[in-house]
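Chain order of the listed sequences is X and E. Sequential numbering from 3 applies to the first sequence in my numbering. Sequential numbering from 3 applies to the second sequence in my numbering. Glycine is no exception: its CB is placed at the ideal position from the N, C-alpha and C atoms. Below is one structure, written out as structure tokens; the observations come after it.
Protein chains: 2
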Amino acid sequence: MREEEPVTIITVAKRAGVSKTTASDALRGSGRVSAETRATVMRVAEDLGYVPNGSARHLRRASTGTIGLHVPEVLTRSSYYMSFVFGVVERAAVNDYDVTLITSGERRARTPRVDGLVLGDPLVGDPVVERLMSARLPTVTCERFPGGRGADGVVLSPHADMVGRLLDHLRDSGARRPALIVAGDESDWAAELHQGYRRWCRANGVPTATRTVPFDAPADQVRAAARELLDARPAPDALVCGPAGAATEVLPVVRAAGREAGRDLLLASCVDTPGMALADPPITSIDLRPREAGAACAELLFDLLNGTAQPGTERVHPIELRPRASTTG
Amino acid sequence: MREEEPVTIITVAKRAGVSKTTASDALRGSGRVSAETRATVMRVAEDLGYVPNGSARHLRRASTGTIGLHVPEVLTRSSYYMSFVFGVVERAAVNDYDVTLITSGERRARTPRVDGLVLGDPLVGDPVVERLMSARLPTVTCERFPGGRGADGVVLSPHADMVGRLLDHLRDSGARRPALIVAGDESDWAAELHQGYRRWCRANGVPTATRTVPFDAPADQVRAAARELLDARPAPDALVCGPAGAATEVLPVVRAAGREAGRDLLLASCVDTPGMALADPPITSIDLRPREAGAACAELLFDLLNGTAQPGTERVHPIELRPRASTTG
DNA sequence: CTGAAAGCGCTAACAT
DNA sequence: ATGTTAGCGCTTTCAG
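Given below as structure tokens:
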């Protein structure tokens, strides 16, 4: 079997009968070459199966070819962040970029060697986030950063509105007193959930009943909060759980209280996880489409890096309601 | 704020009073420089916060700086593969490597431009796997490839033995007739589970009772298999579920059959997923430590690539039993 | 034991 | 509209 000669831009240029600069310009569509030449070069490149060498490109451009990614310290526990990171990595790979995970355990005070940053759900008060936000690097956050100065780009979802739609759905299914378990306002997402709930309650003349738990609350705290809400009188007839996975953790508490999810207690989750569809009964959830969210963040960052998007850009990432037996009976 | 002059190997060399060749050799520990010089260079590099430029390195070495990763098409559904991929990516990042996910939908017949391949649970008969295995590229598989010619490196876990230990545990908890739901032998992992089960049953004079489902069986197929096993007479008093997530999917069937998991039916999963610990009752599982498995595969591939490991290397990846209420009452 | 020089593939600056 | 040249940071000959 013949040794495969690597196909470089020079191979393409020779074969197309042009210089390597022209080949380069044609391939990137710099607008410097004639349409005819461009077409020729493109065709030749395609025929040869030419793939640009990312290393050479980054070396020349003095870019690191790497973006930094930070998410709250719940990675392995939360399938949401797993998928989110996945979306970022996938999108980055397409653009020939590497992704460096920036953990909260980062001791070095130095800014990591990256071309830009993606911050998923930046929590105000997180020292790593604070440091990264003040680094002079193009930055995109998923949800707004509640801590003052915003990022160069933001990808956000209409969480408050979606909570309203979820509560409408619960009402249509017969609920009159929905309660909420939610994380504190250090994350924009939780703050939005909380706000959407209060707004809906006010508009519908319903008293509020909420318990606040930490952003990454362990199961026992979530269960304690659920117990308190269920024990209150008058008791709620629906329970909306904010934190990822909380709704499944709450199920045993519901049974212990002598209630049945989907019949005399409607149950919903603000984060769809694989466990929700598998729970007994399956739990109505808001699908945050984390993989697509991650991809959108990366996309926006690259647009920022190559000037396709202007600093200050905000893009909306759509989310979806997934009604299941826990609220439809 | 002063413009940060990028620290290159030349900066280090000048500061240490040596040539860039010597600096390079010292930093990589090529064994060409004196211990003294080496120490000096290392210290200077540390002081300056020098980080080698991956692009330049890869360009010079004519490596792509990318490894290809293929896993069965169950990525988002299975937290196992999510974690596995994560482990690979994490390890790759440390070695300045990118990871390209090779999907089964890959239309291009061309071998992807990568330095090596990691194949997670290669299924015999998967056309993409067959093609990749026959490409002339350093390859590591997680579990053996049942399809004949082996990979250059294999990371494997003692699944058969672990099933034996799990069955011992069930017996100690009072089970006399354990049944098994398992995937077909197109994956080495499932074959091992099956074999471990048969071996144990023979050794313990217990009749076997198994149902085979597809590797990525949807919930309804798993449930149907469980129903058949539970309806058999004499009925099993323990149920071991192979496929990821199957054990939680089976819970409703168990209840519908008038049995109670953890009391009159012991239930166990061969794949620990986040849902197992959260189920009601929590389900005894085998923790495959997927993230570490992914890291081990990447590590072995890099060892192969730089000659630290010889072709034909097999490394054992330890797994662990996590006993929970579903088998301990 | 160490240096000097070449060159990986690409693109930006400077030519025509 | 296209070609020529230089050089990104690194490692690998080839010479001392």
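Checklist entry - If you compare alpha carbons, which of X:A205, X:G207, X:N206, X:V224 is closest to X:T214? => result Within the first sequence, residue 214 of chain X is the residue found at index 212, counting from 1. Comparing Cα-Cα distances from X:T214 to each of X:A205, X:G207, X:N206, X:V224, the minimum goes to X:V224.
Checklist entry - Mind checking whether E:A311 and E:R93 have CB atoms under 7 Å apart? => result As a position in the second sequence, residue 311 of chain E is number 309, starting the count at 1. As a position in the second sequence, residue 93 of chain E is number 91, starting the count at 1. No; because the gap between Cβ atoms is not below 7 Å, this pair is not in contact.
Item to check | Contact list for E:A258 against chain X, beta-carbon separation under 8 Å | outcome: Reading the second sequence from its first residue, position 256 is the one you call residue 258 of chain E. The premise fails here: E:A258 is roughly 10 Å from chain X at the closest Cβ pair, so nothing lies under 8 Å.
Checklist entry - Under a Cβ-count criterion, where at least 16 other Cβ atoms within 10 Å of its own Cβ denotes burial, should X:V2 be classed as buried or exposed? => result What the structure shows of chain X is the stretch from 3 to 331, and residue 2 of chain X is not part of that stretch, so it cannot be assessed.
Checklist entry - E:A58 CB to nearest chain X CB: under 7 Å? => result Taking the second sequence and counting its residues from 1, one reaches residue 58 of chain E at position 56. So, interface residue.
Checklist entry - Starting from X:C272 and walking both ways along the alpha helix (DSSP H), at which residues does that stretch end? => result Taking the first sequence and counting its residues from 1, the one referred to as residue 272 of chain X is at position 270. Here X:C272 belongs to no alpha helix (DSSP H), and DSSP marks it neither H nor E.
Next on the checklist: In whole angstroms, give me the CA-to-CA distance for X:S189 and E:G277.
Outcome noted: Taking the first sequence and counting its residues from 1, the one referred to as residue 189 of chain X is at position 187. Taking the second sequence and counting its residues from 1, the one referred to as residue 277 of chain E is at position 275. Spanning the two alpha carbons is a distance of roughly 25 Å.
Checklist entry - For X:N308, is the classification buried or exposed, using 16 other Cβ atoms within 10 angstroms of its Cβ as the cut-off for buried? => result Taking the first residue of the first sequence as 1, we reach residue 308 of chain X at position 306. Exposed.
Checklist entry - the stretch 61-76 of chain X: which residues have C-beta closer than 7 Å to a C-beta of chain E, in chain order? => result L61, G67
Item to check | Residue environment, X:P8, which counts as buried when at least 16 other CB atoms sit within 10 Å | outcome: Within the first sequence, numbered from 1, the residue matching residue 8 of chain X stands at position 6. With fewer than 16 Cβ atoms within 10 Å of its Cβ, X:P8 is classed as exposed.
Item to check | With 16 other Cβ atoms within 10 Å as the buried cut-off, status of E:R151 | outcome: As a working note, residue 151 of chain E is residue 149 in the second sequence. So E:R151 counts as exposed.
Next on the checklist: Let me confirm a value: E:G51 is counted as buried when at least 16 other C-beta atoms fall within 10 Å, else exposed. Which label applies?
Outcome noted: In the second sequence, the residue the question calls residue 51 of chain E occupies position 49. Under this definition E:G51 is an exposed residue.
Next on the checklist: Suppose you measure from the CA of X:V14 to the CA of X:R59; what does that come to, to the nearest Å?
Outcome noted: One-based indexing of the first sequence puts residue 14 of chain X at position 12. One-based indexing of the first sequence puts residue 59 of chain X at position 57. For X:V14 and X:R59, the distance between alpha carbons rounds to 16 Å.
Next on the checklist: If the criterion is Cβ atoms closer than 7 Å, does the pair X:H319 and X:A295 meet it?
Outcome noted: The residue you call residue 319 of chain X lines up with position 317 of the first sequence. The residue you call residue 295 of chain X lines up with position 293 of the first sequence. Against a cut-off of 7 Å, the Cβ pair of X:A295 and X:H319 comes out as a contact.
Next on the checklist: Taking a contact to mean a Cβ-Cβ separation below 7 Å, would you say X:V273 touches X:Y82 in this structure?
Outcome noted: The sequence position of residue 273 of chain X within the first sequence is 271, counting from 1. The sequence position of residue 82 of chain X within the first sequence is 80, counting from 1. For the 7 Å CB-CB criterion, X:V273 and X:Y82 form a contact.
Item to check | Complete alpha helix (DSSP H) runs within the stretch 205-276 of chain X (minimum length 4 residues, chain order) | outcome: 221-233, 248-258
Checklist entry - Terminal residues of the continuous alpha helix (DSSP H) containing E:I12? => result For the purposes of this step, residue 12 of chain E is taken as the residue at position 10 of the second sequence. 11-18 is the extent of the alpha helix (DSSP H) around E:I12.
Item to check | C-beta atoms of X:L253 and X:W202 nearer than 7 Å | outcome: Locating residue 253 of chain X in the first sequence gives position 251, counting from the first residue. Locating residue 202 of chain X in the first sequence gives position 200, counting from the first residue. Against a cut-off of 7 Å, the Cβ pair of X:W202 and X:L253 comes out as no contact.
Item to check | Same chain only: Cβ atoms within 8 Å of X:E38, ignoring 5 sequence neighbours per side | outcome: Locating residue 38 of chain X in the first sequence gives position 36, counting from the first residue. Cβ within range, chain order: n/a, list empty.
Checklist entry - Where do the ends of the alpha helix (DSSP H) carrying X:P129 lie? => result For the purposes of this step, residue 129 of chain X is taken as the residue at position 127 of the first sequence. First-last of the alpha helix (DSSP H) with X:P129: 129-135.
Next on the checklist: I need the DSSP call for X:P292, collapsed to helix, strand or coil.
Outcome noted: Numbered from 1 along the first sequence, position 290 holds the residue referred to as residue 292 of chain X. Note: X:P292 maps to helix in three-state DSSP.
Next on the checklist: Against chain X, with Cβ distances strictly below 7 Å, would E:L290 count as a contact?
Outcome noted: Looking up residue 290 of chain E in the second sequence gives position 288. Taking 7 Å as the CB threshold, E:L290 stays off the interface with chain X.
Next on the checklist: Considering only the alpha carbon of each residue, which of E:V142, E:R34, E:A47, E:T23 lies closest to E:A300?
Outcome noted: What you label residue 300 of chain E is simply residue 298 of the second sequence in a count that begins at 1. The candidate whose alpha carbon is nearest that of E:A300 is E:V142.
Checklist entry - chain X beta carbons: is any one of them nearer than 7 Å to that of E:S81? => result Counted from its first residue, the second sequence places residue 81 of chain E at position 79. So, interface residue.
Next on the checklist: Determine whether the beta carbon atoms of E:L121 and E:V90 lie at a separation below 7 Å.
Outcome noted: Here the question's residue 121 of chain E lines up with position 119 in the second sequence. Here the question's residue 90 of chain E lines up with position 88 in the second sequence. No; because the gap between Cβ atoms is not below 7 Å, this pair is not in contact.
Next on the checklist: Is the beta carbon of E:A177 closer than 7 Å to that of E:A240?
Outcome noted: The count along the second sequence starts at 1 and reaches residue 240 of chain E at position 238. The count along the second sequence starts at 1 and reaches residue 177 of chain E at position 175. Cβ atoms of E:A240 and E:A177: closer than 7 Å.
Checklist entry - Taking only beta-carbon atoms, is X:E7 less than 7 Å away from chain E? => result As a position in the first sequence, residue 7 of chain X is number 5, starting the count at 1. At a cut-off of 7 Å, the C-beta of X:E7 has no neighbouring C-beta in chain E.
Checklist entry - For X:E7, which of helix, strand or coil comes out of DSSP? => result Here the question's residue 7 of chain X lines up with position 5 in the first sequence. DSSP places X:E7 in coil when its eight states are reduced to three.
Item to check | 8 Å contact criterion, which X:G149 and X:V126 should meet: CB distance rounded | outcome: Working through the first sequence from its first residue, we reach residue 149 of chain X at position 147. Working through the first sequence from its first residue, we reach residue 126 of chain X at position 124. Correct: roughly 4 Å between the Cβ atoms.
Item to check | Residue burial classification, X:N55 (beta-carbon count within 10 angstroms, cutoff 16) | outcome: Locating residue 55 of chain X in the first sequence gives position 53, counting from the first residue. Label assigned to X:N55: buried.
Next on the checklist: Suppose the cutoff is 8 Å on Cβ atoms and the five residues either side in sequence are ignored; what does the same chain contact list for E:V116 look like?
Outcome noted: Numbered from its first residue, the second sequence carries residue 116 of chain E at position 114. Result list for E:V116: T66, T68, I69, G70, T102, L139, in chain order.
Item to check | Where X:S287 sits in the DSSP three-state scheme | outcome: For the purposes of this step, residue 287 of chain X is taken as the residue at position 285 of the first sequence. Strand at X:S287.
Next on the checklist: Assuming the contact rule is C-beta atoms closer than 8 Å, E:T212 and E:V184 should be a hit. Round their C-beta distance to whole Å, please.
Outcome noted: Here residue 212 of chain E refers to the residue found at position 210 when the second sequence is read from its first residue. Here residue 184 of chain E refers to the residue found at position 182 when the second sequence is read from its first residue. Going by Cβ atoms, the distance from E:T212 to E:V184 rounds to 6 Å, so yes, they are a contact pair.
Checklist entry - Secondary structure at X:A311, three-state DSSP: helix, strand or coil? => result Residue numbering aside, residue 311 of chain X sits at position 309 when the first sequence is read from its first letter. Correct three-state label for X:A311: coil.
Next on the checklist: Against chain X, with Cβ distances strictly below 7 Å, would E:M135 count as a contact?
Outcome noted: In the second sequence, residue 135 of chain E corresponds to position 133, counting from 1. By this cut-off, E:M135 is not an interface position.
Next on the checklist: Which runs of the beta strand (DSSP E) at least 3 residues long sit entirely within the stretch 138-165 of chain E? Give them in chain order.
Outcome noted: The stretch 138-165 of chain E contains these whole beta strand (DSSP E) runs: 141-144, 155-158.
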